[in-house]
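The structure appears below as structure tokens.
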Amino acid sequence: MFLLALFLFPSPAFPVLYVDINSPGGKRMPIAVADFVVGPGDPSLSRGIPTILSADLALTDLFDLVPPTAQIETVTAAHFSGKPLSFPGWKMIGAEAVVIGNVSVNGDRLSIEMRLYDATQGTLMVGKRYTGPPAQLRSFVHRFANEIVYTFTGVRGVFGTEIAFTARPAKSRGKEIYIVGMDGRDLRKVTNNRSFNLFPRWSPDGQWLAYTSFRTGAPIVYLRNVSTGAEKEVVRFGGSKAPGGFSPDGVWLYAGVSRAGNSDIYRVRVVGGAVEKVVDGWGLEVSPSPSPGGRRIAFVSDRGGSPQIYVKTIGVAGETRISTGAGYATSPSWSPAGDRIAYTVRSGGRFVIETVAPDGSAPREVASAADADCEDPSFAPDGRSLVYTYRKKGYSALKIISSDGRRQRTLVSGLGDAGSPAWSPGR
Amino acid sequence: MNRSFPWKRVALALFVSVLMAAGCAKKQTVKSEGAAGAPGAASAPAPAAVGGAPANEAPAAPVAAAPAEQPAPAPAVAPGVAVTEEQVSRFDDVRFDFDKSEVKEDGRKTCQVVADYLKKHPKAKMLIEGNCDERGTAEYNMALGERRATAVMNYLVSLGVPKAVLSTVSFGKEKPLDPGHNEEAWAKNRRAHFDLK
């Protein structure tokens, strides 16, 4: 199996930014996705691929999709060999950017070329050709959607990323690990042992999940290759244990582990198994979340009488409390840019999600509900949104909310006790 | 009556499943030392990379469950499944306040009954299971359950029970006794459960 992404034209090293991602609710880019040209292959791809691409773009708050019915030009193969698009026409229907595509399927070889044009300037902004097995179709479209987002914002999109989480299957008392695409598709069960399988955490390369399983009767942290299913034990010592996250270089796995009833933060070398204690204390220390630079961790400690969020520089004495309220604060998640830490906090009898700067300044509520709990935040790799658990009596769902709290959608519902979501690294 | 956590059956089930998995385990299980492609093996490429594709381009192939994860066949219940079943205990649960692990007056009385029993039956072993209510984060509750179980263990030791016959496990909030979502249910679920072997 092979795959080829061909740069048709070099992308500028520093893209001109058309959309300011720091001003959500600001100007959106009106974009049209033309029907694709289909060489050999299923003619329904002509509309099918733009539908996938448009669905991706609609998940962001960056674009206004100019409806296909308003299109005024039939794109042909000639447009991929020198014939210019009639840009004034596209401008007339309100599109400032146009995507065209040319797809062909020859046996088990899929080839898609996609191009993004600036309709105002009449210039090619980015163009790519993807070649591989037909099963890769969605993945190719997601990747070009990420290119489009990058072209406009300077930050790659997160299409094609996935969320690992836990849920209780029907007729089971146990919990299994599941993975679902960030678009809510491709839900699949990762473990299937009817025991408790908890706390999934992605390795930085997105190839491995660390999680705690009770499948032998006692809790052990395993690393599982999500493609092959290969597993290895990584934390066996101590009583209760939960992985928190990997160092950015993938060398260390941070975990909260209980010894003699007292949970502390440890890190374990993924290869070799060497163990270091990172945070020691008489309280319960759990949920380590490494900073993207790898020098610090955020974690939970109840040393002050109730669980609160602290930040520590690895190997340096001293820990700073950053959660400000008196209530119960848990499950920190460091943003990919390193500028915010999201966590769960009890407020007015409900759990809500706040973010705060790593020095404890500028706290901000992101997700809350009058009659439900919002918990367990995990940032998307672009930092623009978070996935979290929404729980109301017996109902639980995973929701994705923009980091400014303005836009929200349900990712997973209908699975028992869904929770502990973890967003995969970028693809 | 129904004594919980049958270690002999557990051991049998483990042995059976190890036997069953042995053939594939060599292929499936990555050894702890120098696992090529494991995160941290900076110089080694990820094993999942297919052909010339970068690792993160590997198709999301359906994940096959590792053989070791298949539930062990009858007659034994797989130990991992067994831990999800609530076993009836001859002793009351020790209950706790929200986010607390102090053994209260009622709990001390129960512990005295347990201690008397264990001193009369020196061959008996006791697994103390710590549990929490559904509120709060799963990780924190997992550690809190361990602290509760340990508090009960330490109290039994203070009553003269040899530590060697006691062990602890936490199920955090994963194993509620009462599935309700109210204070009454939560109070029942913040508990240490005695599992006599």
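Going down the list, the sequences are from chains R and P.
The working numbering puts the first sequence at residues 1 to 427.
The working numbering puts the second sequence at residues 1 to 197.
The beta carbon of each residue, even a glycine, is placed where N, CA and C say it ideally should be.
Nothing here was measured: the structure is a model prediction, and the numbers come from that model.
So if DSSP puts W423 of chain R in a beta bridge, which residue, or which two residues, is it bridged to? R:I163
Rounding to the nearest angstrom, what Cα-Cα distance links G273 of chain R and A32 of chain R in this structure? 52 angstroms
Which residues in chain R have a C-beta closer than 7 angstroms to the C-beta of L159 of chain P? List them in chain order. Ordered by position in chain R, no residue passes the 7 angstroms Cβ test against L159 of chain P, which lies about 17 angstroms from the chain.
Note down the Cα distance separating G426 of chain R from E105 of chain P, rounded to an integer number of angstroms. 53 angstroms
What does DSSP give as the partner residues of W208 of chain R in its beta bridges? R:N225
Chain R beta carbons: is any one of them nearer than 9 angstroms to that of K175 of chain P? yes
So which of P:L166, P:L127, P:C132 has the shortest CA-CA distance to S89 of chain P? P:L127
Taking D93 of chain P and R191 of chain P to be in contact with their CB atoms under 8 angstroms, please state how far apart those CB atoms are, rounded to whole angstroms. 4 angstroms
What is the rounded straight-line gap between the Cα of G256 of chain R and the Cα of A78 of chain R? 60 angstroms
Given E285 of chain R as reference, the closest of R:A317, R:G261, R:T324, R:V270 once Cα atoms are compared: R:G261
Closer than 9 angstroms to chain R by CB, N189 of chain P: no
Hey, is L144 of chain P's beta-carbon within less than 9 angstroms of any beta-carbon in chain R? yes
So is R321 of chain R in contact with chain P if we call contact Cβ pairs under 9 angstroms? no
Buried or exposed for F237 of chain R, please, with buried defined as at least 16 other CB atoms from any protein chain shown within 10 angstroms of its CB. exposed
If you follow the alpha helix (DSSP H) that I400 of chain R is in, where does it begin and where does it stop? It is not in any alpha helix (DSSP H) - I400 of chain R instead sits in the beta strand (DSSP E) that spans 395 to 402.
Are E73 of chain R and L85 of chain R close, meaning C-beta to C-beta below 9 angstroms? yes
Backbone CA spacing between L398 of chain R and L118 of chain P [nearest angstrom]: 46 angstroms
Would you say T330 of chain R reaches chain P, if we count a Cβ-Cβ gap shorter than 9 angstroms as a contact? yes
Please report the distance separating the alpha-carbon of A13 of chain R from that of A337 of chain R. Because A13 of chain R carries a pLDDT of 43, less than 50, the predicted location of this residue cannot be relied on, and the following value inherits that uncertainty. Each residue's Cα considered, the two are about 20 angstroms apart.
Apart from the five residues just before and just after A367 of chain R, which ones in its own chain have a Cβ nearer than 7 angstroms to its Cβ? V352, I353, C374, Y388, I401, G405
Segment contact flag, the region 117 to 130 of chain R with the region 170 to 184 of chain R, C-beta cutoff 8 angstroms, min 3 pairs: no
Listed from N- to C-terminal order along the chain, which residues in the region 289 to 323 of chain R have their beta-carbon within a distance smaller than 8 angstroms of any beta-carbon of chain P? V300, D302, S306, P307
Between which two residues does the alpha helix (DSSP H) carrying C374 of chain R extend? Looking at the DSSP string, C374 of chain R is not in any alpha helix (DSSP H); the run it does join, the beta strand (DSSP E), is 373 to 379.
Could you say which of R:R296, R:D417, R:V235, R:K232 lies nearest to P248 of chain R if we only look at CA atoms? R:R296
Do P358 of chain R and Y343 of chain R have their C-beta atoms closer together than 9 angstroms? no
Just to confirm, are G94 of chain R and L53 of chain R a CB contact at a threshold of 9 angstroms? no
Give every residue of the same chain whose Cβ lies closer than 7 angstroms to the Cβ of R364 of chain R, excluding the five residues on either side of it in the sequence, and list them in chain order. E354, T355
DSSP three-state assignment for A78 of chain P, whether helix, strand or coil: coil
Could you confirm whether any beta carbon from chain C is found closer than 9 angstroms to the beta carbon of R156 of chain R? You won't find chain C in this structure, because its protein chains are R and P.
Residues of chain P with a CB under 7 angstroms from the CB of A218 of chain R: which are they? V169
Tell me where the beta strand (DSSP E) around H193 of chain P begins and ends. 191 to 196
If you measure beta-carbon to beta-carbon, which residues of the region 362 to 378 of chain R are closer than 7 angstroms to chain P? E375, D376
Whole beta strand (DSSP E) elements within the region 103 to 131 of chain P, 3-residue minimum: 126 to 131
Which partner residues does L198 of chain R have in the DSSP bridge list? R:T212
Supposed close pair S287 of chain R, Q308 of chain R - CB separation, criterion 8 angstroms: Actually they are not in contact, since the Cβ atoms of S287 of chain R and Q308 of chain R sit about 11 angstroms apart, beyond 8 angstroms.
Is the CB of A115 of chain P under 9 angstroms away from at least one CB in chain R? no
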